[in-house]
Amino acid sequence: MRLNLGEEVPVFLHGDTIISDYNQIIDYMEKNFVGETVAQLIPDPDSPLYDRVQQYRHLLDGLPMDAYTHGCILHPELTTDSMIPKYATAEIRRHLANAATELMKLDHEEPQLTEPHLSKQKKLMAKILDHDNVNYLKKILGELAMVLDQVEAELEKRKLEYQGQKCELWLCGPEFTLADICLGALLHRLKFLGLSRKYWEDGSRPNLQSFFVRVQKRYAFRKVLGDIHTTLLSAVLPNAFRMVKKKPPSFFGASFLMGSLGGMGYFAYWYLKKKYM
């Protein structure tokens, strides 16, 4: 809380610098951690690839990942072969049903809590209730399909652009960049949620499927994204709202979950950068 009153993750500390926005963290690291042994994941501004990387970085990072996640947990009927623990849906619904009562009790039982604490928790509850709207979920999943169509077309352009050349092709060119981290993290999440068959494993987007196979072979992705979703949802999620009731001042569970679920690209980026530092 001393570092970030909003209880958001991640929080980055470097000397006297404290940054809590993960996009700003990435930009800071790209600027300050440089050298021959450090991977550069954002091209120089004068590079012809810079605008393309930034375009897809912001496009993919702007997707409502938390809404996909909560929506698919609460509406498993829209998924296929989901890896979400079956008890997660019932557990969340039980807490949502009691949300109003629990928040009222917080007001009376924990008077030492400041308004930012309660406001944060109320916003979190409201957000998940919004994500329980199946029509909203279908709408954003339809919009996701259009984004993936754009990515599929971009990957096809790379094949034509570098046809006949012996190089590994990624979203923006022959170099692995932040855009690939964002895309890889997105596909990994969709696979976990049970949406991969709908979006690429049915053969509708072969370039996307090929990309996902290749990105999963990278050591950093296996290290960071291997089992982290299962760990988060099996260990943190069922207890997140219970923590609101039992230990409000230490309520990092749900906030940590929200930040982590929405920012997996950051964690993949951090490991890629860290291994070269």
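Numbering-wise (UniProt numbering), the sequence shown opens with residue 1 and increments by one. C-beta atoms are modelled at their ideal positions from N, C-alpha and C, and glycine is treated no differently. Predicted model, so just to flag it, every value in this text is computed and none were measured.
Going by C-alpha distance, which of the options is nearest residue i?
| i | options | result |
| --- | --- | --- |
| serine 82 | Asn207, Val213 and Ser196 | Ser196 |
| tyrosine 56 | Lys217, Tyr87, Gly173 and Phe192 | Gly173 |
| isoleucine 42 | Leu171, Arg222 and Lys159 | Leu171 |
| alanine 179 | Ile18, Tyr28, Gly15 and Leu60 | Leu60 |
| arginine 93 | Phe12, Ser47 and Asp132 | Asp132 |
| asparagine 32 | Lys127, Asp21, Ser47 and Gly15 | Gly15 |
| leucine 148 | Leu129, Leu169 and Glu201 | Glu201 |
| isoleucine 140 | Leu186, Ala67 and Lys159 | Ala67 |
| glutamate 156 | Arg205, Leu129, Lys127 and Leu144 | Arg205 |
| isoleucine 128 | Leu160, Met65 and Pro48 | Met65 |
| isoleucine 181 | Gln40, Tyr28 and Lys138 | Gln40 |
In angstroms, rounded to a whole number, what distance separates the CA positions of residue i and residue j?
| i | j | result |
| --- | --- | --- |
| valine 38 | histidine 95 | 45 angstroms |
| glutamate 30 | lysine 166 | 28 angstroms |
| isoleucine 25 | tyrosine 50 | 18 angstroms |
| glycine 184 | isoleucine 73 | 21 angstroms |
| glutamate 77 | lysine 86 | 12 angstroms |
| methionine 146 | lysine 191 | 17 angstroms |
| alanine 240 | tyrosine 162 | Residue confidence for alanine 240 is low, a pLDDT of 40 falling below 50, so the modelled location carries little weight; the figure read from the coordinates is stated next. Using only the alpha carbons, I get a separation of about 48 angstroms. |
| glycine 71 | glycine 164 | 43 angstroms |
| glutamate 175 | tyrosine 199 | 25 angstroms |
| aspartate 130 | aspartate 21 | 24 angstroms |
| lysine 223 | glutamine 216 | 10 angstroms |
| alanine 220 | alanine 153 | 26 angstroms |
| lysine 246 | leucine 124 | For lysine 246, the pLDDT reaches just 40, beneath the cut-off of 50, and the residue's location in the model is therefore unreliable, although a value from the coordinates is still provided. In a straight line, the C-alpha of lysine 246 is about 17 angstroms away from that of leucine 124. |
| isoleucine 84 | valine 213 | 21 angstroms |
Where does the unbroken alpha helix (DSSP H) through residue i begin, and where does it stop?
| i | result |
| --- | --- |
| leucine 144 | 134-161 |
| threonine 69 | 65-74 |
| cysteine 182 | 178-193 |
| residue 280 | The structure shown does not extend to residue 280, since the chain is modelled only from 1 through 277, so no value can be given for it. |
| lysine 217 | Run containing lysine 217: none; DSSP gives neither H nor E here. |
Quick check on DSSP: helix, strand or coil for residue i?
| i | result |
| --- | --- |
| isoleucine 42 | coil |
| threonine 17 | strand |
| phenylalanine 212 | helix |
| phenylalanine 12 | strand |
| proline 48 | coil |
| proline 206 | helix |
| asparagine 32 | helix |
| lysine 123 | helix |
| glutamine 54 | helix |
| leucine 171 | coil |
| asparagine 23 | helix |
| lysine 223 | helix |
Are residue i and residue j close, meaning C-beta to C-beta below 8 angstroms?
| i | j | result |
| --- | --- | --- |
| glycine 203 | threonine 80 | no |
| leucine 208 | valine 151 | yes |
| arginine 189 | threonine 89 | no |
| valine 34 | threonine 177 | no |
| lysine 159 | leucine 169 | yes |
| leucine 137 | histidine 58 | no |
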